[in-house]
Amino acid sequence: MANVCAMCGRGTTSANNVSHSNRKTKRTMKINMQSKKIAGVKAKVCAKCIKTKNK
Ligand SMILES: [Zn+2]
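And the structure:
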């Protein structure tokens with residue numbers, strides 16, 4: 001699966017684009033994915049998980 005965090009399982013979600021005339025159209029919200037080595041293995045994790053891991 002693309003764009004799914006290896007640690008928390010979060011992926012893309014859907015949301016609305018809202019224009020100035022308040023018309024709403026669907027959009028996808030991607031999460032902030034970064035590739036990082038975890039225990040010597042490269043994995044795709046989100047920026048939130050990297051933050052909490054370093055604490
Ligand atoms: Zn994550």
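Numbered per our numbering, the sequence shown spans residues 1 to 55.
We put the beta carbon where it would ideally sit given N, CA and C, even for glycine.
C-beta atoms of S14 and T25 nearer than 8 Å: Sequence index remark: in the sequence shown, residue 14 carries index 14 (1-based). Sequence index remark: in the sequence shown, residue 25 carries index 25 (1-based). No, these two residues do not count as a Cβ contact at 8 Å.
Which of the three DSSP states, helix, strand or coil, is assigned to I31? In the sequence shown, the residue the question calls residue 31 occupies position 31. Correct three-state label for I31: coil.
Contact test: K48 Cβ vs ligand 1 heavy atom, cutoff 7 Å: If you number the sequence shown from 1, residue 48 lands on position 48. Result yes, Cβ under 7 Å from ligand 1.
Is any heavy atom of ligand 1 found at a distance shorter than 7 Å from the C-beta of M7? Taking the first residue of the sequence shown as 1, we reach residue 7 at position 7. Indeed, a heavy atom of ligand 1 lies less than 7 Å from the Cβ.
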